[in-house]
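Participant: FYI, UniProt numbering numbers position 112 of the sequence shown as 112, with every residue one higher than the one before it. Cβ atoms here follow ideal geometry from the backbone N, Cα and C, with glycine treated the same way. Let me give you the structure first, and then I'll get to my questions.
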Amino acid sequence: MIPLSGCTGIQSALDPKGPAASELAWLIWFFTGLCSLIWLAVMIVLIWGLSKRRGDRAEPLDIDEAGDRKATRVVTGAVAATVLMMIVLSLLSYFSNRTIAAIGGQNPVTIKLTGHQWWWEVRYESDQPRRTLTTANEIHIPAGEPVRVVLSSTDVIHSFWVPALHGKKDLIPGFDNELTLKADKPGVYRGQCAEFCGAQHAHMALMVVAEPREAFDGWYNAQLSNARQPETDEQRAGHDLFMNRPCIMCHKIQGTKAAANTGPDLTHLAGRQTIAAGTLHMSRGNLAAWIADPQSVKPGARMPTMNLSGDELNAVVAYLEHLK
Ligand code: CUA
């Protein structure tokens, strides 16, 4: 069981928590079983053939041409039928996932997920402009409901993969892909970029938080609000530093003059579970480590080093940590 112990948990295709992933897990087990049986059959025939010794005298083999031809036809037919069955099962699974997409409710939650080197921009679409919401690196969804995810990229090809919920789907610059995300039960599921996209591909993760509908609505409404005002002197100092440094050239904090969208929206940063797209857990220490020297945490990331003094760093961290 030890080799399989890695197959459960928040990021495993073999521990499915949604319909699309269940379908895939079934295929994985079925193909594994089928291929094991075929391997076993080949080994049995091989061992049987090897064990039929012809004795010491080298006599010419009896050649049974008609029998050989028949055997060839049977084996070829069996191989073709097996491959065909695997193709048909794969296609059925593909189309049944598309059906889930088609029945995605009257007005499903729609998320525009955009890949960047190396983070995820998450925008919740709405007919009402005031209900449109942008966040990063963490997707909240109502459990038990199909959610429409439209995938695109601003730079290179990335791939969205939350193994416990669905198969991989590429994020392609200039092209919209689509996928239906559904978690059967509330829970936190980890996703990972699944297409090599540069130096920090491995540090391009995201979290999917599936919550009961009420909790999801609560989260959504809270996210729509402006960022919290600084309350302590330290937070105020951090706020002022943030607004007077190049931070505002990349980030947005809703309700302040920081309104750029090159980097992740930080309006409710401290409410997220991770920093830098799943690279670090959200904590005061990690936030400080990340801001002090992003290039040693995630070399090549677009976030530059800010050259802050110790006090300045503490102040900025105090302000950002306050943005729940
Ligand atoms: Cu983005 Cu790999």
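1. Could you pull the DSSP bridge partners for W119 from this structure?
2. Rounded to the nearest angstrom, what separates G9 and A78 at their Cα positions?
3. Candidates E145, T232 and Q223: which alpha carbon is nearest A136's?
4. Tell me which residue opens and which closes the beta strand (DSSP E) that T134 is part of.
5. Taking the alpha-carbon positions, what's the A258 to E195 distance?
6. Within the chosen definition, does the segment 167-185 reach the segment 219-238 through at least 3 CB pairs nearer than 8 Å?
7. State yes or no: is the C-beta of G191 within less than 7 Å of the C-beta of L171?
8. E321: beta carbon under 6 Å from a heavy atom of ligand 1?
9. D64 by DSSP, collapsed to three states: which one?
10. Give the straight-line distance between the Cα atoms of C193 and G167, rounded to the nearest whole angstrom.
11. In whole angstroms, what is the alpha-carbon distance linking G255 and L320?
12. Give the secondary structure of N261 by DSSP, where H, G and I count as helix, E and B as strand, and everything else as coil.
13. Assess contact between the segment 294-306 and the segment 143-162, defined as three or more Cβ pairs (one per stretch) separated by less than 8 Å. Is contact present?
14. Closer than 6 Å by C-beta to V156: which residues in its own chain qualify, once you throw out the five before and the five after it? Chain order, please.
15. Does the Cβ of C247 lie closer than 6 Å to at least one heavy atom of ligand 1?
16. For A164, is the classification buried or exposed, using 16 other Cβ atoms within 10 angstroms of its Cβ as the cut-off for buried?
17. Quick check: does the Cβ of E121 come within less than 6 Å of any heavy atom belonging to ligand 1?
18. List the endpoints of the continuous alpha helix (DSSP H) containing N107.
19. Tell me whether E195 sits in a helix, a strand or coil according to DSSP, three-state version.
20. Ignore the nearest five residues each way along the sequence and tell me which others in S22's own chain have a CB closer than 8 Å to its CB.
21. Can you have a look at V208 and say buried or exposed, based on whether 16 or more other CB atoms are within 10 angstroms of its CB?
22. If contacts are defined as beta-carbon pairs under 8 Å, then R123 and T134 qualify, I think. What distance do you get, rounded to the angstrom?
Facilitator: This is what the structure holds:
1. H116
2. 38 Å
3. Q223
4. L133 to A136
5. 32 Å
6. no
7. no
8. no
9. coil
10. 12 Å
11. 14 Å
12. coil
13. no
14. C197
15. no
16. buried
17. no
18. No alpha helix (DSSP H) contains N107, which DSSP labels as neither H nor E.
19. coil
20. P16
21. buried
22. 5 Å
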